[in-house]
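Take a look at the structure set out below.
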Amino acid sequence: MFLNTVLVVLTDLAARFLGNTAFRQHFHLLLSAVVMFGPALSFWVSQHSIFAKRSHFLYRMFLRSGWGWTCVFVGSFVFLLSFSIRRSLSLSMRHLSRLGVAGGLWLGFCKLLDLLENATGSCYESLHAGQDVANGQPLLVLREDESKSECLKAGMLWRGYEVSEDVFLLCLCCLLLAEETAVFGPYLSLGGISDAPLRILFLFCVILLALWIFLLLCLLAYFPQFPTQLLGGALGCLSWRGLYQGWYRMGPSWYCPGRPGLGLLNTKASSTEAEDVQPNHDHCS
C-alpha cells in the first residue's frame, strides 16, 4: 500500500507538471536555450570527471540506442493507455504509428547527414613526428580518393561538414516524450482509470525524459562542438514542429495518425467536460 501510494503521488505530480499548458508551450524554448548556451558549461566542468569519457556506462548503454529506449517505453505507454480506454487495436496502432513516422524521419535525416558529410569531407593523415610551429598541433596530410569508412578504418581523420546526430536524436526524443506523456494529466483529471502498470510505464517515461536532458547537458558541457551541436538541436526542433505542430494537426486519416490523445480524452467524462479540456490539449499538441 505504501509503495502504491508513493507511485500515485509521484505520477500525479509528474502528470500535472507535464500536462501543464505553460510547460507544453515553452518546453521547446527551454530545450533550445539548453542547446544554445549549454556549451558554456565547459568552462566550469572538470575534464577529469567520469562523464568526460565517451566510454562511460550511460553513453554506451543509453545514448547509442536512444531511439530504441524511447520506442520501448513510449510505445508501451501509448499502447496501454489507448487500448485500456477504447479496447481498439486499430486505434492503438494508429497512435503508435506516430513513433514509426518519427523513427523513419530520424533514419532518413541520418542517411542524408551521412551523405552530406561524405560529400563535403576529406581524409587526413596525422604525422605525429612533425608539429605545426604555429599552434603546436600535429601536421595533417590530405589523402585523396579515400571514403569515410576507409579513412576511419585506416586510423586516419575525416573532416567534413557535420551535424551532431546525438544532439539531434536527444532533442527529438525529449520533445516526443513531452508530447506523448502530456495527455496523462488531462486523462487523470477527467477521471480516467489508472492502474499500477500504466502509472509505472508513465513514471519510466518521465525518468527517461530526465535522463535524455541530463545526457544532452553532458554532451554540451564535456564535448562542446559548435556549431555542429547547434545544427543538430535545430534539426531536432524542426522535426518536432513539422510533425506535432504541423502534420498531426490535420486530423486522423489514412495518411495522418493525428495528435496524441485525440479520440481518447473525451471517453471518461461528459461532453461538456471534454469540450473544456480538449481545446487546451489541441493548442499544445
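In this text, residue positions in the sequence shown follow our numbering: the first is 1, and each later residue adds one. Using N, Cα and C, we set each Cβ at its ideal position, and we do this for glycine too.
Measuring CA to CA, which of W158, T228, P260 is closest to P39?
Just measuring C-alpha positions, the residue of W158, T228, P260 sitting nearest P39 is T228.
Who are the near neighbours of N118 in its chain, counting only those whose CB is closer than 8 angstroms to its CB and skipping five residues on each side?
S147, K148, G160
Would you say the stretch 231-241 touches the stretch 29-44, given that touching needs at least three Cβ pairs under 8 angstroms?
Yes: at least three Cβ pairs fall under 8 angstroms.
Report the three-state DSSP secondary structure of S147 (helix, strand or coil).
coil
What first and last residue would you give for the alpha helix (DSSP H) that runs through W44?
Following the DSSP letters along the chain, one finds W44 in no alpha helix (DSSP H), marked with neither H nor E.
Rounded to a whole number of angstroms, what is the C-alpha to C-alpha distance between K111 and E180?
26 angstroms
Measure the C-alpha to C-alpha separation of I207 and A178 and round it to an integer number of angstroms.
12 angstroms
Where do the ends of the alpha helix (DSSP H) carrying L157 lie?
For L157, there is no enclosing alpha helix (DSSP H); the enclosing beta strand (DSSP E) has its first and last residue at 157-159.
Keeping to the same chain, check which residues put their C-beta closer than 8 angstroms to that of T120; ignore five residues upstream and five downstream.
G160, Y161
Determine the DSSP secondary structure at E125, reduced to helix, strand or coil.
strand
Using only the alpha-carbon positions, how far apart do C205 and R16 sit?
14 angstroms
Short check: CB of C171 to CB of C237, under 8 angstroms?
yes
For C225, I'd like the list of residues in its chain whose CB is within less than 7 angstroms of its CB, leaving aside the five on either flank, ordered along the chain.
Reading off the sequence shown, one finds Gln at residue 225, where the question assumed Cys. So the list reads S164, once near-sequence residues are dropped.
Using the Cβ count rule (16 or more neighbours within 10 Å means buried), how would you classify A22?
exposed
Go ahead and pull the three-state DSSP assignment for S253.
strand
Leaving aside the five residues before and after S42 along the sequence, list all residues of the same chain whose C-beta is less than 6 angstroms from its C-beta, in chain order.
A221, P224
What three-state label does DSSP hand L99 in the structure shown?
helix
Grab me the residues of L215's own chain with a C-beta within less than 7 angstroms of its C-beta, minus the 5 sequence neighbours each way, in chain order.
L58, F62, L63, L170
What is the DSSP secondary structure of L142, reduced to helix, strand or coil?
strand
By Cβ distance, which residues of its chain are closer than 6 angstroms to T311, with the 5 residues on each side in sequence left out?
Outside the displayed span of the chain (1 to 285) sits residue 311, for which this structure offers no information.
Kindly indicate which three-state DSSP category F23 falls into: helix, strand or coil?
In this structure, F23 counts as helix in the three-state DSSP scheme.
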